[in-house]
Amino acid sequence: MLITGSRPNLRECVSLGTGITLAGLVATLLPAVLAGQRPDLILAEPIPGIPIAFEVEPLGLFFALIASALWVVTTLYSIGYMRGHGETNQTRFYAFFAVAIGSTMGIAFSQNLFTLFVFYELLTLSTYPLVTHTGTQEAKQGGRVYLGILLSTSIVFFLLAIVWTWTITGTTDFRVGGILAGKASPFVTGLLYALFAFGIGKAALMPFHRWLPAAMVAPTPVSALLHAVAVVKAGVFCILKVTLYVFGLDLVTTSWASGWLCGLQPPL
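The working numbering puts the sequence shown at residues 862 to 1129.
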């Protein structure tokens, strides 16, 4: 992507071709998952016993299919928009756009909480240059609000919830039925669920939803990326994945936090 800077036609062809290829590759995983298989991959193990690992499971594949298909549509729109408005730094724009969708795929196929957190943070960092793309004072201010809220909530709440879950269960792996089942009291379960929900700031739960209007200073294709393709949808997906594979539906329904949190989602 970076070597296509002086060749706009090549740059746009690479962006669109990469998007179509990604959507096709994700689609090829569908038969295996429908057959009950769960392809997996361990990328690295920076912490003993806690790897960066991926697993293709039904919920993650569904999210990846939607995100990769929408990326193709958004790329087509971006090409027309960026050219039509004569935007500067287009190579940088498409490069971070690609990193953002790659991070989204990492979130979709994360096999454990550690991997989910790593790619969640990478998505935040890769979309910041997109929010501040125009370089105006308004864009910089919006970027500070965006980065400040998403990083602070993830470090203060999300990371704490992950560490606490690991100390209780001895694992960060996602498991059908939840890894906390039978290992925590209803009060602790509710508190942990609240930490996860507020820590995943991309879901835009009140009062941590101010980054949404702040980020609207970005070019229109970025707004599409934030709302329709990656960021907000990634936040909602993370909460769903944590609910299913960390807590389990039965455990969450007995917790005091689940009903309370339902009223905190602002209209988008």
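Every residue gets a Cβ at the ideal spot worked out from N, C-alpha and C, and that includes glycine.
If you compare alpha carbons, which of 1007, 1097, 880 and 967 is closest to residue 1066?
One-based indexing of the sequence shown puts residue 1066 at position 205. It is 1097.
Less than 9 Å between the C-beta atoms of residue 1059 and residue 1103, yes or no?
Taking the first residue of the sequence shown as position 1, residue 1059 is located at position 198. Taking the first residue of the sequence shown as position 1, residue 1103 is located at position 242. Contact: no.
At what residues does the alpha helix (DSSP H) containing residue 1100 begin and finish?
Here residue 1100 corresponds to residue number 239 of the sequence shown, with the count starting at 1. Taken as a continuous stretch (DSSP letters only), the alpha helix (DSSP H) holding residue 1100 covers 1092-1103.
Mind checking who residue 1075 pairs with in its DSSP beta bridge?
Mapped onto the sequence shown, residue 1075 falls at position 214. DSSP, once it has assigned bridges, lists no residue as partnering residue 1075.
Would you identify the three-state DSSP class for residue 857, choosing helix, strand or coil?
Residue 857 lies beyond the residue range present for the chain, which begins at 862 and ends at 1129; the question has no answer from this structure.
Give the C-beta separation of residue 1081 and residue 942 to the nearest angstrom, bearing in mind that I take them to be a contact with Cβ-Cβ under 8 Å.
Your numbering for residue 1081 matches position 220 in the sequence shown. Your numbering for residue 942 matches position 81 in the sequence shown. Indeed they touch by this definition, with Cβ atoms about 6 Å apart.
In three-state DSSP terms, what is residue 974?
To locate residue 974, count along the sequence shown from 1; it is residue 113. DSSP places residue 974 in helix when its eight states are reduced to three.
Does the beta-carbon of residue 911, which I'm using as the reference point, lie nearer than 8 Å to any heavy atom of the ligand ZN?
Among the ligands in the structure shown, none appear at all, so the ligand ZN cannot be discussed.
Would residue 985 and residue 1012 qualify as a contact pair, given that the criterion is a beta-carbon distance under 9 Å?
Position 124 of the sequence shown, counted from the start, is the residue given in the question as residue 985. Position 151 of the sequence shown, counted from the start, is the residue given in the question as residue 1012. It is a contact, given that the beta carbons lie within the stated cut-off.
Local conformation of residue 1035 per DSSP, three classes
Locating residue 1035 in the sequence shown gives position 174, where the first residue counts as 1. Three-state DSSP puts residue 1035 in coil, outside helix and strand.
Would DSSP call residue 900 helix, strand or coil?
On the sequence shown, residue 900 is found 39 positions in, with the first residue counted as 1. Correct three-state label for residue 900: coil.
Mind pulling the beta strand (DSSP E) runs of 3 or more residues that sit fully within the region 919-943?
none
Residue from 971, 930 and 914 with nearest C-alpha to residue 888
Residue numbering aside, residue 888 sits at position 27 when the sequence shown is read from its first letter. Comparing Cα-Cα distances from residue 888 to each of 971, 930 and 914, the minimum goes to 930.
Rounded to whole angstroms, what is the Cα-Cα separation between residue 1072 and residue 1010?
The residue labelled residue 1072 in the question sits at position 211 within the sequence shown. The residue labelled residue 1010 in the question sits at position 149 within the sequence shown. Going from the Cα of residue 1072 to the Cα of residue 1010 covers about 7 Å.
For residue 869, three-class secondary structure by DSSP
By one-based count along the sequence shown, residue 869 stands at place 8. Correct three-state label for residue 869: helix.
Starting from the C-beta of residue 921, find all residues in its chain whose C-beta is less than 6 Å away, skip the five residues before and the five after it, and write them out in chain order.
In the sequence shown, residue 921 corresponds to position 60, counting from 1. Closer than 6 Å at Cβ, skipping near neighbours: 969 and 970.
Is residue 1131 helix, strand or coil by DSSP?
Residue 1131 lies beyond the stretch modelled for the chain, which goes from 862 to 1129, so this question has no answer here.
Could you please give the first and the last residue of the uninterrupted alpha helix (DSSP H) stretch that includes residue 1010?
The residue you call residue 1010 lines up with position 149 of the sequence shown. Run containing residue 1010: 998-1014, per the alpha helix (DSSP H) assignment.
Could you tell me whether the region 1036-1048 touches the region 976-995, using the rule of 3 or more Cβ pairs below 8 Å?
no
Exposure of residue 1001, with buried meaning 16 or more beta-carbon neighbours within 10 Å:
Position 140 of the sequence shown holds residue 1001. Counting Cβ neighbours within 10 Å, residue 1001 comes out exposed, since fewer than 16 surround it.
Classify residue 991 as buried or exposed, calling it buried when 16 or more other Cβ atoms lie within 10 Å of its own Cβ.
The residue given as residue 991 occupies position 130 in the sequence shown. Residue 991 is buried by the Cβ-count criterion.
Below 9 Å between beta carbons: does that hold for residue 890 and residue 925?
Indexing the sequence shown from 1 puts residue 890 at position 29. Indexing the sequence shown from 1 puts residue 925 at position 64. In this structure, residue 925 lies closer than 9 Å to residue 890 by Cβ.
Where does residue 1023 sit, in a helix, a strand or coil, going by DSSP?
Reading the sequence shown from its first residue, position 162 is the one you call residue 1023. The answer is helix: DSSP assigns residue 1023 an H, G or I state.
Residue from 1099, 998 and 1108 with nearest C-alpha to residue 1051
Here residue 1051 refers to the residue found at position 190 when the sequence shown is read from its first residue. Nearest of 1099, 998 and 1108 to residue 1051, Cα basis: 1108.
Helix, strand or coil for residue 907? Go by DSSP, reduced to three states.
Here residue 907 refers to the residue found at position 46 of the sequence shown. Of the three classes helix, strand and coil, the one that applies to residue 907 here is strand, per DSSP.
Give the range of the alpha helix (DSSP H) segment to which residue 1082 is assigned.
For the purposes of this step, residue 1082 is taken as the residue at position 221 of the sequence shown. Taken as a continuous stretch (DSSP letters only), the alpha helix (DSSP H) holding residue 1082 covers 1081-1085.
Starting from the Cα of residue 953, find the closest Cα among 1105, 1070, 1068 and 876 and give me that residue.
Sequence index remark: in the sequence shown, residue 953 carries index 92 (1-based). When each option's Cα is compared against that of residue 953, the closest is 876.
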